[in-house]
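Number of protein chains: 2
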Amino acid sequence: MEAEVSEDVCTKWSETLRVYHTTSCELENELQDGHDLGLSEFEVLKILSSKCCDSTGKAKMKDLEAEMYLSQSALSRTVTRLEKAGLVTRATCDFDRRAMFLMLTPAGQERYEAAQPTYRGVLLRHFA
Amino acid sequence: MEAEVSEDVCTKWSETLRVYHTTSCELENELQDGHDLGLSEFEVLKILSSKCCDSTGKAKMKDLEAEMYLSQSALSRTVTRLEKAGLVTRATCDFDRRAMFLMLTPAGQERYEAAQPTYRGVLLRHFA
DNA sequence: GAAACTTACATGCACGTGCATTGGATGTCA
DNA sequence: TGACATCCAATGCACGTGCATGTAAGTTTC
Numbered sequence: 001m002e003a004e005v006s007e008d009v010c011t012k013w014s015e016t017l018r019v020y021h022t023t024s025c026e027l028e029n030e031l032q033d034g035h036d037l038g039l040s041e042f043e044v045l046k047i048l049s050s051k052c053c054d055s056t057g058k059a060k061m062k063d064l065e066a067e068m069y070l071s072q073s074a075l076s077r078t079v080t081r082l083e084k085a086g087l088v089t090r091a092t093c094d095f096d097r098r099a100m101f102l103m104l105t106p107a108g109q110e111r112y113e114a115a116q117p118t119y120r121g122v123l124l125r126h127f128a
Numbered sequence: 001m002e003a004e005v006s007e008d009v010c011t012k013w014s015e016t017l018r019v020y021h022t023t024s025c026e027l028e029n030e031l032q033d034g035h036d037l038g039l040s041e042f043e044v045l046k047i048l049s050s051k052c053c054d055s056t057g058k059a060k061m062k063d064l065e066a067e068m069y070l071s072q073s074a075l076s077r078t079v080t081r082l083e084k085a086g087l088v089t090r091a092t093c094d095f096d097r098r099a100m101f102l103m104l105t106p107a108g109q110e111r112y113e114a115a116q117p118t119y120r121g122v123l124l125r126h127f128a
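First to last, the protein sequences are chains A and B.
Everything in the first sequence is counted per the numbering used here, starting at 1 for the first residue and increasing by one.
Everything in the second sequence is counted per the numbering used here, starting at 1 for the first residue and increasing by one.
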């Protein structure tokens, strides 16, 4: 029966692997081709966009890091790419000058809204 | 209700992302630290080991590629690493000299068997 | 049988990632 | 206040990956 459990977890893992790879590849390709965005870049815009509903419209790097499956360095570079593309702006925090706030630019908001149907479309194909 | 479906697929995708990242990171780290194997390297050994039950004990690169979520080039380099480590051997096919057969070496079999409990352990923690 | 096409694998290259380190800011304790 | 630890973000570096291409072998078409 232990063998059966092993079989079972192996199957579950294989299935997770399959779903993850097919979906992330498709997201990556369609977001890149259609909107010039990598998947992790889109995910950052997505989180920032959701934060914009609160009063500040800002998010700290640390908060983003906690919500994403990305290392601190990878996140830092992703944000650098988005900043170079004019989609987000960095702003230092007045009270803790180590911390950085992030904000969507209008262009960033626009790009995100344009890309969202593509994103949802892929997910619907795989999970609906 | 469309919004609800969107919510739903987003949640499923987030969950897949979470499980994939935590599990693959853990597998990667534990296999690397304990057995000097990357995850994709382990997966190759795993498939080869299962093939060894048939008469030939060999597998073609193309067959491996079909069973793994890895590009052709990535697989080629993974096999190169395994070959350098002495865990697999490449052999050209007599009937089609483009094709390559792969075989586990005894060291490869041994390494795989040593690593398998680690692999299973991680999966059990995440899927049991 | 020669030319054009296809297939199998390797390799050059660019890119995104994680780890380790750095630089600067904040907190703590004596 | 001064010394030291901690924290945040950026950066150097090594590495694995995918894409595009190269090379060699097989296949098809005439």
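By construction, the Cβ of each residue, glycine as well, lies at the ideal position given by its N, Cα and C atoms.
Under the three-pair Cβ rule at 8 Å, the segment 111-120 of chain B counts as touching the segment 33-44 of chain B. Here DSSP, grouped into helix, strand and coil, assigns K58 of chain B to coil. Listed in chain order, the non-local C-beta contacts of A99 of chain A below 6 Å within the same chain comprise K60, C93, local neighbours out to five positions each way being set aside. In this structure K51 of chain A is buried. Its beta-carbon is surrounded by 16 or more other beta-carbon atoms within 10 angstroms.
Scanning its chain for C-beta atoms nearer than 8 Å, with the 5 sequence neighbours on each side dropped, one finds around A74 of chain B the residues S40, in chain order.
Exposed is the label assigned to T80 of chain A, since fewer than 16 other Cβ atoms lie within 10 Å of its Cβ. Close partners of K51 of chain B in chain A (Cβ separation under 7 Å) are lacking, with about 16 Å as the shortest Cβ gap. Counting C-beta pairs with one atom in each stretch, the segment 5-15 of chain A and the segment 83-91 of chain A have fewer than three that are closer than 8 Å, which means they do not touch. Under the Cβ criterion of 8 Å, H35 of chain B is not counted among the residues facing chain A. In the three-state scheme derived from DSSP, where H, G and I count as helix and E and B as strand, R18 of chain B is classed as helix.
Taking the Cα positions, K46 of chain A is about 32 Å away from A128 of chain B. Within the segment 37-91 of chain A, no beta strand (DSSP E) run of at least 3 residues lies entirely inside it.
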